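Undergrad: Numbering of the sequence shown is given in the UniProt record's numbering, commencing with residue 1 and proceeding in unit increments. Every residue gets a Cβ at the ideal spot worked out from N, C-alpha and C, and that includes glycine. In this text the structure is predicted, and so the values were computed from the model without any measurement.
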Amino acid sequence: MSIDKCHIVDLPKIADSRGNLTFIEGQRHVPFDIRRVYYLYDVPGGAERGGHAHKQLSQLIVAMAGSFDIVINDGIKEKRIHLNRSYKGLYICPMIWRELDNFSSGAVCMVLASNLYDESDYYREYSTFLEAIQGKT
Numbered sequence: 001m002s003i004d005k006c007h008i009v010d011l012p013k014i015a016d017s018r019g020n021l022t023f024i025e026g027q028r029h030v031p032f033d034i035r036r037v038y039y040l041y042d043v044p045g046g047a048e049r050g051g052h053a054h055k056q057l058s059q060l061i062v063a064m065a066g067s068f069d070i071v072i073n074d075g076i077k078e079k080r081i082h083l084n085r086s087y088k089g090l091y092i093c094p095m096i097w098r099e100l101d102n103f104s105s106g107a108v109c110m111v112l113a114s115n116l117y118d119e120s121d122y123y124r125e126y127s128t129f130l131e132a133i134q135g136k137t
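#1: Could you tell me the distance, in whole angstroms, from the CA atom of Arg80 to the CA atom of Asp69?
#2: So, is His82 buried or exposed, given that buried needs 16 or more other C-beta atoms within 10 angstroms?
#3: Taking the alpha carbon of Asn102 as the point to measure from, which residue in Ser67, Glu125, Val111 and Asp74 has its own alpha carbon closest?
#4: Give the single residue among Ala53, Cys93 and Gly89 whose Cα lies nearest to the Cα of Ser127.
#5: Which partner residues of Val71 appear in the DSSP bridge assignment?
#6: Which same chain residues, not among the five before or five after Arg124, have their C-beta less than 8 Å away from its C-beta?
#7: Determine the direct distance from the alpha carbon of Ile14 to that of Asn20, and round the result to whole angstroms.
#8: Quick check on DSSP: helix, strand or coil for Lys13?
#9: Which partner residues does Met110 have in the DSSP bridge list?
#10: From Ser104 to Asn115, what distance separates their C-alpha atoms?
#11: Just the Cα atoms here: how many angstroms apart are Ile76 and Asp16?
#12: Tell me which residue opens and which closes the beta strand (DSSP E) that Gly50 is part of.
#13: Taking only runs that begin and end inside the region 113 to 137, name each unbroken alpha helix (DSSP H) of 4 or more residues, in chain order.
#14: Determine the DSSP secondary structure at Ile8, reduced to helix, strand or coil.
Laid out in structure tokens, this is it:
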């Protein structure tokens with residue numbers, strides 16, 4: 001896979017003087033059925049999250065509060081994306097290494113995933129990820 005397949009998804013934003021509303025529907029706003037939702041919060045200053053790739057899993061990552069950066073890497077190219085709006089998400093396809101950093105105080109990172117948790121779907125070592133990528137080309 002290429003980081004070119006990863007992209008920002010503009011989510012619906014219904015503006016109202018009482019407060020805005022955004023929603024996400026699987027197969028409509030993301031190209032997968034949503035099977036799992038989790039979120040990161042209370043991330044200490046200077047901490048990094050992620051540091052892995054998935055073999056099959058697709059994700060949409062949304063900054064629900066605050067901001068953070070996501071560095072995506074396909075083994076050839078690398079790109080840093082700043083997320084800071086709850087109505088924009090980053091779609092990450094399988095076989096993309098990701099690292100999250102630069103969390104603001106109070107940041108909340110929500111992740112929508114295409115499948116249930118499965119440890120065997122992870123590449124946790126960058127060198128192993130690179131070997132897998134090179135084996136597929």
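TA: Quick answer:
#1: 7 Å
#2: exposed
#3: Ser67
#4: Ala53
#5: Arg80 and Glu99
#6: Gly51 and His52
#7: 6 Å
#8: coil
#9: Tyr39 and Val62
#10: 28 Å
#11: 44 Å
#12: Arg49 to His54
#13: 126 to 136
#14: strand
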